Amino acid sequence: MSGVCARNTDPGPRADTSPNKILSTEQFIEFYYQQFDTDRKALSALYREQSMLTFESTSALGVDAIVAKLTSLPFEKVKHQVSTLDAQPSMVEGGVVILVTGQLLVDEEQRPMNYTQAFQLARDQASGQYFVFNDVFKLVYG
1 MSGVCARNTD PGPRADTSPN KILSTEQFIE FYYQQFDTDR KALSALYREQ
51 SMLTFESTSA LGVDAIVAKL TSLPFEKVKH QVSTLDAQPS MVEGGVVILV
101 TGQLLVDEEQ RPMNYTQAFQ LARDQASGQY FVFNDVFKLV YG
């Protein structure tokens, strides 16, 4: 992933620190932003009905509401550049908390905007796959 300045994807001493677990955090972030930047509707596969998104000050609960929020954002083109990526195990069994900072360019803007985004990934009991349980996005001004 180009533009990454710092990364700490070690989820901690009590978590599964196998290369697959650590790599999956980086792969998740890379996949998430690639989909966000090219086809936000495709992000629906990453959420469940109990998932919650807070984008700036607006919250959405459930897959349909989250996809509606993401696809209604007032820009067409966006490009995320990750600066830092940190991950820790969460209290939820097998869960992971991820904090990302970076910059993004929207539409034809020349100046990037700073952002931070936090994810809590949980493991789907039926499939064993991770999904986004919580997603909080904020632009950082100043």
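Quick note: the sequence shown, position 8, residue 8 per full-length UniProt numbering, numbers continuous. Heads up, the beta-carbon is just placed ideally off N, CA and C, and yes, glycines get one too. Quick caveat, the model's predicted, so the values are computed rather than measured.
- Residue pairing from DSSP places V136 in a beta bridge opposite T54, A118.
- Within the same chain, E56, M113, N114, Y115 come within 8 Å of L139 by CB-CB distance, once the 5 residues on both sides are set aside.
- Put simply, of M91, V100, L46, E49 the residue whose alpha carbon is nearest the alpha carbon of L85 is V100.
- Bridge pairing for P89: V96 [DSSP].
- Cβ-Cβ distances below 7 Å link H80 to Y33, F36, D37, G102, L104 in the same chain, with the five nearest sequence neighbours on each side left out; the list follows chain order.
- With respect to the C-alpha of A68, the residue from F137, S44, Q88, Q120 having the closest C-alpha is S44.
- Shown here, L43 sits in a helix according to DSSP, grouped into three states.
- Take V136, set aside five residues on each side of it, and the residues of its chain with a beta-carbon closer than 6 Å to its own are T54, A118, in chain order.
- Shown here for K77: same chain residues with a beta carbon closer than 6 Å to its own, the five before and five after excluded, namely D107 in chain order.
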